[in-house]
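Trainee:
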Amino acid sequence: MFMLLLAGITLTSTAISWWNGKRLDDVNTEIEALEAELAAIHGAHERKTAALIRPYLVQLVKMFERELAMRSEIASELERAHARARQILKARFGARESASFRQMMLEIELARGRVTAERAYLQTTAQYIRTLFGEVPAQLPTVAWLEMPADYPCEGAVISLPHGLRGRLQNYTVEAEAFDGRGVFYAVDHEARFARIGSAKVKLLDAARGSGGEPLTATVVRLDNNEAQLQMQDATLRLPLGRHEGQWIKPGAELEVFADGWTLTDVLGDSRSHSLPVRLHPRISGLEEYWWPVALGISDEHIPLIHQMWDYFQTPAIQDRPWHIYENDDGRLVFQLGRYALVTEADAEQRCFRLLDALEARESPEDVLRCYVALTPVLIGSTDEELANRNRFQSFVCALNEERLGQREAARQRQVALHLRKLSLVYREQQLYLEQSASCGFLPGQVEENGRKVTGLLGSQGVPGWLKDALGEQGSPRLRAVGRDRVWPLQSFKLLDAQLGICEFILDTHKRMSEAEINPFDLFRLELVREGNQKETLSKALEKAITGDFVAPSVHNAIFTLSPEPGETLNLGQDAVLQVLASREPVVAVWGPPGAGKTTTLVQWLKTLFPEQAPHLWPRILITGPTHVAVTKLIEDLLEAAEYLRPVTVRYGKQDKISEALEPNWHQIKVDALSAGDAEISPQLHEAWLSLLKSRKGREAASRWTFRDKLIHGATCTGMARTDFALLKEPFDCVIVDEAGKAFAAELMIPAAIARRVVLVGDHNQLPPTVTTDVLDERIGYTLPLAEVETLLRKNFFQELYEGLGPQAKGMLTVQYRMHENIGDLVSTLFYQKQLTSHRKAGNWSLTDARALFVDFSKMQNYRHRKAGTGDTPNSLVNSTERAALYQLLNALHKRVSAARVSLKLLVICPYKGQLEIVARDTADKHYAFQLSVATVDAVQGGEADMVILLMTRASGDTQFLLDRHRLNVALSRARDSVIILGHLDCLAAGGAGPMAELIAAGRAKNSLKVISLPDRAKFSKDLVPAVFPVSTASAI
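Mapped onto the numbering used here, the consecutive letters of the sequence shown carry residue numbers 46 to 1082.
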């Protein structure tokens, strides 16, 4: 501007202001006025617009709220459906759920995820719209906002993000895991606005949601216990193997497998901590997609009927139905649709189902497969046959066979589980009866010793009978005092006034507990601690088995899918049994007849598991059984053969059950050692430590800490369930159950639940589980008929396991080393179908006239039994004539053994306890030249003697108990060198039938048994003794 002036160029003030970009003051004033007026106009417009918009937004929010309420109702319904489905799975009677049911679970879970996401979206969006009340938004919400965006985080939803993920999505923090542009949402937390997304699980979800025909390619990692573990990226898959698949599937191989009904929890869970079940073939049942085409081979005579049927099959009411596929009574495969049933057989050569007959359909059986399959008629021998596409026949047949096998397994699982569920009910009712019949009310009166010593009044008139009986037994009764919040075991109990029912007891509590903590005035009942806890343990074990709560699914599956038909035993002899033990079968059963060396065989196998020079390879095992005798015997023999294993061995149980040889390994010695210490260093800490060790949780923790490095644990089946043993906390690589034939089903389930592998050893032809009369008391009030209860309890589950396992999972020891051949062959013929051979064949025996003798009292009129037992068996049978004959034999044997100067062990077996009590009493003070034992049949299994004398006692009447084959087997097979049976042959072999008649016939046929028939007025010294013992005795043994 200055240069313009120098040049003589002048501008008006207005031009100069414009040049400088400035307005005149009056212009600025006018502009301000106009802007103010415009702002007023806009304000009025916004207020008017906001007033118009508000009702719209309010109505829109109400619509969101209605939608939200509807989603909440749907969510509640889905939650109930999901809870019901989970309940069905939990109490599924042990059956493998159908893949269709599990796929239904998947759809419910996906629906839950979606409705939960929609609720979160609707709620968040409605809250945002409320913030717009009174404003004019830049973007006005519309009803389209009711639809949840496709990329909104939703559990189980699959989305594609071609441009990748940028950290936040729909205002959610999203963590990506190996995301390649297509992934599935999981771990969605709508409250925290957080979700994860990953691509690795998409294939799994696609396979789970598909119809079962989408294959997954996975690599076999290892084979273990009839299963193949496969790996597909980060997912671990589990493929059950049949006998044939195990022969061609090897580690490293790539397989195409199919999802076997996965839930969303299965798919989205941690794939490293659990495995997903797969199958080799796609499913056919429960699918809504067609298998097409599957050839139906027909002949000329079938053509007219096929035309008629196919017209019917194409009617709208029929064409969309699935075929019902099942086996008829002849084992033929039937395809049924509507009113027609096609009877076929698979023709592998022609790759078709050959039509055998077409029938008017009957009602389909319950166990049918429902499948959409496009059967395509093909005329055998025609041009159509050559052109027909039969590529899917083989895969359809394989899938069909796998589905039918799974169906049979599921049915078998339901049968086994129903049996166990009934047993569980029986044990629960026994427990309830014990609790109610051995308890009484209690009213506290005086409290001393800080609440531990309590004096009070029994809530009954005087002392109840159960308490009198308990106090009258040897040792202190196990009692407990029950309060509303706590139950205290009693350290001591004393009756102060029996007539009034006044008693005094001391509670077994921690010494540091105060009276307020003990609260003794809260006590209201006294109970006898009996088998109720054990019944509860057995019931819980059965429930765990039913619901599949096992460490190893393969063990559970093997137990619950046993064949209903007894399978043949192919593995005979010790070498074959050792191969079975060394196999990878999850459940193995060994049949060990008497004297067959089952303990020796087990020790030989166990030593291979514990090589002395490679302790890093040693497994963690449990040796258990229904009795302490069985557990002790196996552990003692193992440590005798492998002393180097003693430091890693621990034996659990009460002190009176621990043998001298295993006392250094007794668990209590190890736990008690923790109580030692210098109390003077910290008396308070030491006292607190001792108090902790007296509590159940403290002892449990001490056991876990003390025995964490032990590898061989020994306890009975029920004893191992004690919480302070802590044996149920960690799985075992292998569990060996000895004498499994004497264990109840529930007892076997306790160790099986924590085992990766189970070895059962027993003999179902010897004594079954012992069922006492007190559990068959009608006063218990069983829901089931008493006869059914008895059948359930007496059923030998080991026998069912052994017979139902495949031939590769079982074996029989077939050589016995105890009995001489003359006795062993009789036992083999009567009880083991002549499969048991005898190792001892030679040797002289001159102590008795024959190694097997039957003394027949049938002609003696005074050989009579009567009910005159003693002690707790007043109705048991006794026979004075039989006892007199026995005493004559014992006296004669004493003289001959004394003269021969040999060592002899004699066992007298009395099936009837009344006869046993008298014989035991009469011989107690005798000083025979031989070792004499008197016992019932139930007490001698596992024992043996040089000679056995069996007293049959009964002279007439029902012989079912006496001639029970299991009991006879045990009695006869205790004898090493000689067995003498005293009995009434006409009674025991009435009609020439039964096991005693078979014994006599077999013995006579082999010339190994002698029958001594006594005359009516027999003189035992004249007619019996000389017949049993030869005149001269050379060498007896």
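Every residue gets a Cβ at the ideal spot worked out from N, C-alpha and C, and that includes glycine.
Taking the beta carbon of residue 662 as the centre, do at least 16 other beta carbons fall within 10 Å, making it buried, or is it exposed?
Mentor: exposed
Trainee: Which of helix, strand or coil does DSSP assign to residue 228?
Mentor: strand
Trainee: Roughly how many angstroms lie between the CA atoms of residue 28 and residue 955, to the nearest whole one?
Mentor: Residue 28 lies beyond the range of the chain shown here (46 to 1082); nothing can be said about it.
Trainee: If you check the beta carbons only, do residue 1084 and residue 952 fall under 9 Å apart?
Mentor: Residue coverage of the chain in this structure runs from 46 to 1082, which leaves residue 1084 outside it and unanswerable.
Trainee: When we look at the beta-carbon of residue 352 and count the other beta-carbons within 10 Å, is it buried (16 or more) or exposed?
Mentor: exposed
Trainee: State buried or exposed for residue 404, treating a residue as buried only when at least 16 other CB atoms are found within 10 Å of its CB.
Mentor: Flag for residue 404 reads exposed.
Trainee: Tell me which same chain residues have a C-beta within less than 8 Å of the C-beta of residue 138, skipping the five on either side of it?
Mentor: At residue 138, the pLDDT of 48 sits below 50, so the modelled position is not reliable; the number obtained from the coordinates is stated separately. Apart from sequence neighbours up to five positions away, the residues of its chain that approach residue 138 with a beta-carbon distance below 8 Å are 458, 459, 462, 463, 466 and 591, ordered along the chain.
Trainee: Tell me which residues share the same chain as residue 798 and place their Cβ nearer than 6 Å to its Cβ, disregarding the 5 neighbours each side in the sequence.
Mentor: 589 and 595, listed in sequence order.
Trainee: My guess is that residue 600 and residue 441 are in contact by the Cβ rule of under 8 Å, so how many angstroms apart are they, rounded?
Mentor: Contact doesn't hold; Cβ gap of about 33 Å is too wide.
Trainee: Report the CB separation of residue 551 from residue 668 in whole angstroms; it is logged as a contact under 8 Å.
Mentor: Actually they do not touch by this definition, with Cβ atoms about 38 Å apart.
Trainee: Please list, in chain order, all residues of the same chain as residue 579 whose beta carbon is under 6 Å from its beta carbon, the five residues on each side excluded.
Mentor: 763
Trainee: So is residue 1002 buried or exposed if we call it buried at 16+ other beta carbons inside 10 Å?
Mentor: exposed
Trainee: Alpha carbon to alpha carbon, what distance is there between residue 791 and residue 868?
Mentor: 35 Å
Trainee: For residue 826 and residue 454, I'd like the C-alpha separation in whole angstroms.
Mentor: 34 Å
Trainee: At the level of alpha carbons, what is the spacing between residue 810 and residue 877?
Mentor: 8 Å
Trainee: Skipping 5 residues on each side, what residues in its chain have a beta carbon closer than 6 Å to that of residue 560?
Mentor: Hits under 6 Å: 495 and 496.
Trainee: Tell me the rounded alpha-carbon separation between residue 451 and residue 206.
Mentor: Approximately 40 Å, taken between the alpha carbons.
Trainee: Measuring straight from C-alpha to C-alpha, what distance separates residue 892 and residue 645?
Mentor: If you draw a straight line from the Cα of residue 892 to the Cα of residue 645, it comes to about 30 Å.
Trainee: If you run the structure through DSSP and keep just helix, strand and coil, what is residue 870?
Mentor: helix
Trainee: Would you report the Cα separation of residue 406 and residue 368, rounded to the nearest angstrom?
Mentor: Using only the alpha carbons, I get a separation of about 12 Å.
Trainee: Does the beta-carbon of residue 886 have 16 or more other beta-carbons within 10 angstroms, so that it is buried, or is it exposed?
Mentor: Residue 886 is classed as exposed because its beta carbon has fewer than 16 other beta carbons within 10 Å across all chains shown.
Trainee: Does residue 158 come out as helix, strand or coil in the three-state DSSP assignment?
Mentor: helix
Trainee: Report the rounded CA-to-CA distance for residue 660 versus residue 841, giving the unit in angstroms.
Mentor: Rounded to whole angstroms, the gap between the alpha carbons of residue 660 and residue 841 is 38 Å.
Trainee: Among 570, 900, 389 and 108, which one has its Cα closest to the Cα of residue 503?
Mentor: The shortest C-alpha separation from residue 503 is found at 570.
Trainee: Do you know offhand how far residue 703's Cα is from residue 940's?
Mentor: 38 Å
Trainee: Could you tell me the boundaries of the alpha helix (DSSP H) in which residue 1091 lies?
Mentor: Absent from the model: residue 1091. The displayed extent of the chain is 46 to 1082, so no value can be given.
Trainee: Could you tell me the boundaries of the beta strand (DSSP E) in which residue 389 lies?
Mentor: 385-392
Trainee: Could you work out which residue in 1005, 114 and 157 is closest to residue 124 when comparing CA atoms only?
Mentor: 157
Trainee: Name the two residues that bound the continuous alpha helix (DSSP H) containing residue 441.
Mentor: 438-482
Trainee: Whose CA, out of 488, 555, 508 and 542, lies closest to the CA of residue 526?
Mentor: 488
Trainee: Is there contact between the region 305-315 and the region 266-277, where contact requires at least three CB pairs shorter than 8 Å?
Mentor: Fewer than three Cβ pairs drawn from the region 305-315 and the region 266-277 lie within less than 8 Å of each other, which leaves the two stretches out of contact.
Trainee: Give the secondary structure of residue 860 by DSSP, where H, G and I count as helix, E and B as strand, and everything else as coil.
Mentor: strand
Trainee: For residue 412, which option in 161, 547, 448 and 880 has the closest C-alpha, if you only look at C-alpha atoms?
Mentor: 448
Trainee: Taking the alpha carbon of residue 928 as the reference point, which residue from 890, 1072 and 1026 has its own alpha carbon closest?
Mentor: Residue 928 has its Cα closest to that of 1026, out of 890, 1072 and 1026.
Trainee: So, with DSSP's three-state summary, where would you put residue 932?
Mentor: In this structure, residue 932 counts as helix in the three-state DSSP scheme.
Trainee: By how many angstroms is the C-alpha of residue 946 removed from the C-alpha of residue 974?
Mentor: It is roughly 8 Å from the alpha-carbon of residue 974 to the alpha-carbon of residue 946.
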